[in-house]
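J.: Chains as they are written, first to last, in this note's numbering: chain A, 1 to 215; chain B, 1 to 215; chain C, 1 to 215; chain D, 1 to 215. Note that the Cβ used here is the ideal one computed from N, Cα and C, for glycine as well. Would you mind keeping the following structure in view while I ask a few things?
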DNA sequence: GATGAATGAGCGTTCATTCAT
DNA sequence: TATGAATGAACGCTCATTCAT
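Structural data, given as structure tokens:
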């Protein structure tokens, strides 16, 4: 299943431009991205880009919003079928891991955005983010109320989950290309959604479960 | 008291320029930083900057290397006095939290760098990074050998620790400025090295300890 | 009631576009005018504008010609009923003053055009201009032949009449908006066709009449 | 005596750029002028232009101010030696005519500026303008108080004097190049400061003098 | 007759970098 | 060692114009 993040309201041209812009902003960041390059890679004239979407900031805002609202939607849907808080937490972690693998532009976009202090962060996207955090918060609260999770700062757990997944994913190029890294690290999985996600699930659960199943 | 990261071999002018450059690169990223601004904020002529250090890339490389080698050194020193693996892990987390609070430029610099896939990552800095990862790897191995830690993928734990701390720290401006965030999140501590670091220690230990101390 | 300067041969759409174009060219000049703005203010698509009239230069040429031929016609008609040269001169001045008040786009269009050295001046419009100058020339010649006017350079008198009227009218925004101007000037009439035109008549007549009526 | 309008405070490069800018703005107007062309004709890089002076607006403002303050100074100096109001008025007209002939950029600059309603008119320049108007106002007042001039609206006389001179000068290219104009007009003097200025002097004086010397 | 979409060329501006002093 | 001045190359954006429908 390919990710379809671009709104259907947009014309085909606009959707295509936004898809390319997502790539370029992910690769180069806002300041590093070149409107020329986005237009060229989208196969359209620069003026068309302005006609269809607007200036660089508008382009960026729309990309960020698309990515985050998509993530929020997937996160919410992921825990729908799960019953217990424990199961919900597992599903949530797996969902984020899968989202990251399927939308490889998300980690760099997110990281650059937070690194910049949200300088270009559109208010719309902030709401998406709050929604994502909210999902996990509810799961953790429910687990604590039911006596299976210890008391935690949900936002911190969220940073932990997001942090590992995103950072692990982002580390791929550096640990692969830099000769200084040892073989053991170099040959770690390039995807997060498989065995790595399972280990993360286990670690997070061990961290928050009152009774940890000893192995 | 701020940490002194700039090498003493450099002239005073050069050190000062590098200190300013660290701020500017942290605030704006490599592409967003302006050589003009660095020179202006350093109170020197642009030509002086080129004479003393070199071009923008050289400036950036030196900043990154200074920051990372400093972090590596602090990380290594942190666990020196600790005896048990558990204690070492605690010290390590606390050390990173403190480093982050005292060097607020580190998180944005690191995150942008990994987000870019290490495009401008100097080989020197990669060695610093490997060293930092190595510290934690050894602690985790020792703990596992001594039977107190479960078996883990040390690199993943490293991503976890770094991920939480750095992401938590970086989230401050966004969660503070964006009205969409709930009060509960807005009023969380702006520093990591206090209560937050303690909770992180606890969570990480619960995740890796074979026998978790029940509360 | 505004003067209807646009030819009837044109479709209603074209006439409307030309009317709007007259405004925009008057406000912004040829180089400053935007085809987009003309189309928008006319409520038509840009392509329609090109279909109906042609490119920017064609649009401009037609506007200039309309304005000048209108002025020429009004000038000629103004002196029709007058008998003596003196009366004709009075009527002529009054006619130009009225034309200027009723067609506020004329002064800026004319002035920018002469300021540019007639770079975009269509030959048609030049003929209109010659006709306007011709009217006054005849009056002055007649007056001189009849012994009531001194000998003059008619073209210079024409520049004088046009100069005062047009410059006076054009000075309104500057002398009104710029705080540096004294109150006495600020509160001068914004129209030329009333008391101001009368004073101009008087001054011009005093300048060219052999026998000036002492007051 | 060549006109030295550019301030001595400026570097030679800046003065040269401003001199060229004066030409280009006079030829093309603000909107029509191209920064590229100014730089090219000045023989400097575009970036130098921004380094030395600033953006297009700043460039324009400085040009306008230079031209007007120069005119104001010359106007004031012109009537210094004259004794009677009549003589002062003559000198004033002659001074403006000479200024216009020696600074051929002034008429187009002025006319375009008033035609635009002073859209880009710098406040500094407005003060220069008020000063110029003030000179003539004083002469006319003095003449009226001494009983030699009739009562007039000084600002209107100013528009008249400026109007003829500037319009006459500006009409040169059109009346020369457009075939529609009759020979009599084509062969009129291209300068204002000779016989034309004398005729203007005569006309203006006849207009305002109580007792006109009959010829 | 009218329009949404597209475009090449160019615009004003800024960038990192160099050079003469 | 330090700087004011200069620059080529780009950058984000807008322009007048065209074309398929």
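#1: Mind checking the segment 171-193 of chain A against chain B and listing, in chain order, the residues whose C-beta falls within less than 9 Å of any C-beta there?
#2: What is the DSSP secondary structure of residue 149 (chain A), counted as helix, strand or coil?
#3: For residue 209 (chain D), which beta-bridge partners are listed by DSSP?
#4: What are the start and end residues of the alpha helix (DSSP H) that includes residue 190 (chain A)?
#5: Cα separation between residue 201 (chain A) and residue 54 (chain D)?
#6: One question on the structure: do residue 231 (chain C) and residue 111 (chain D) come within less than 8 Å of each other, judged by their Cβ atoms?
#7: Kindly list the residues whose CB is nearer than 8 Å to the CB of residue 81 (chain D), restricted to its own chain and excluding five residues on each side of it in sequence; keep chain order.
#8: How long is the line joining the alpha carbons of residue 182 (chain D) and residue 86 (chain D), rounded to whole angstroms?
#9: Within a Cβ cutoff of 8 Å, which residues of the same chain sit near residue 100 (chain A), ignoring the five residues on either side of it in sequence?
#10: State buried or exposed for residue 84 (chain C), treating a residue as buried only when at least 16 other CB atoms are found within 10 Å of its CB.
#11: Look up residue 105 (chain B) in the DSSP assignment and say whether it is helix, strand or coil.
#12: Please confirm whether residue 12 (chain A) and residue 24 (chain A) have their CB atoms less than 8 Å apart.
#13: Contact criterion: CB-CB distance below 8 Å. Does residue 75 (chain D) meet it with respect to chain C?
#14: Out of B:15, B:160, B:124, state which residue places its alpha-carbon closest to the alpha-carbon of residue 207 (chain B).
#15: Looking at the structure shown, is residue 40 (chain C) part of a helix, part of a strand, or coil, going by DSSP?
#16: Just confirm the distance between the C-beta atoms of residue 132 (chain A) and residue 43 (chain A), as a whole number of angstroms; I'd bet it's less than 8 Å.
#17: Would you identify the three-state DSSP class for residue 116 (chain C), choosing helix, strand or coil?
#18: If you drop the 5 nearest sequence neighbours on each side, which residues of the same chain put their C-beta closer than 8 Å to that of residue 1 (chain C)?
#19: List the residues of chain B that residue 111 (chain A) touches, going by C-beta distances under 9 Å, in chain order.
#20: Between the beta-carbon of residue 118 (chain D) and the beta-carbon of residue 178 (chain C), is there less than 8 Å?
#21: Would residue 136 (chain C) and residue 149 (chain C) qualify as a contact pair, given that the criterion is a beta-carbon distance under 8 Å?
#22: Closer than 7 Å, Cβ to Cβ, to anything on chain D: give me those residues from the segment 57-74 of chain C, in chain order.
#23: Helix, strand or coil, according to DSSP, for residue 46 (chain B) in the structure here?
#24: Answer yes or no: do residue 69 (chain C) and residue 128 (chain C) have a C-beta to C-beta separation smaller than 8 Å?
#25: Mark residue 175 (chain B) as exposed unless 16 or more other C-beta atoms lie within 10 angstroms of its C-beta, in which case mark it buried.
#26: Report, in whole angstroms, the separation of the C-beta atoms of residue 122 (chain C) and residue 65 (chain C), which I expect to be a contact under 8 Å.
#27: Give the straight-line distance between the Cα atoms of residue 10 (chain A) and residue 16 (chain A), rounded to the nearest whole angstrom.
#28: Got a sec? Which residues, its chain only, sit under 7 Å from residue 72 (chain B) by beta carbon, not counting five neighbours each side?
#29: So, for residue 197 (chain C): in the same chain, excluding its five sequence neighbours on each side, which residues have a beta-carbon less than 7 Å away from its beta-carbon?
#30: For residue 56 (chain A) and residue 124 (chain A), I'd like the C-alpha separation in whole angstroms.
#31: Is residue 90 (chain B) close to chain A, meaning its C-beta is less than 8 Å from at least one C-beta of that chain?
#32: Cα separation between residue 185 (chain B) and residue 77 (chain A)?
#33: Out of C:146, C:204, C:190, point me to the one whose CA is closest to residue 156 (chain C)'s CA.
#34: Does DSSP classify residue 202 (chain D) as helix, strand or coil?
#35: Can you give the Cα-Cα distance for residue 35 (chain D) and residue 151 (chain D), rounded to whole angstroms?
T.: In short:
#1: 171, 172, 173, 174, 175, 177, 178, 179, 180, 181, 182, 184, 185, 188
#2: strand
#3: D:149
#4: Unbroken run through residue 190 (chain A): none, as it is neither H nor E.
#5: 59 Å
#6: The structure shown does not extend to residue 231 (chain C), since chain C is modelled only from 1 to 215, so the question has no answer here.
#7: 91
#8: 35 Å
#9: 106, 107, 165, 166, 169, 192, 193
#10: exposed
#11: coil
#12: no
#13: no
#14: B:160
#15: helix
#16: Actually they are not in contact, since the Cβ atoms of residue 132 (chain A) and residue 43 (chain A) sit about 33 Å apart, beyond 8 Å.
#17: coil
#18: With a pLDDT of 33 at residue 1 (chain C), under the threshold of 50, the modelled position of that residue is not reliable, and no figure is offered here.
#19: 111, 112, 114, 115, 167, 170
#20: yes
#21: no
#22: none
#23: helix
#24: yes
#25: buried
#26: 6 Å
#27: 9 Å
#28: 128, 131, 132
#29: 93, 94, 97
#30: 17 Å
#31: no
#32: 24 Å
#33: C:204
#34: helix
#35: 47 Å
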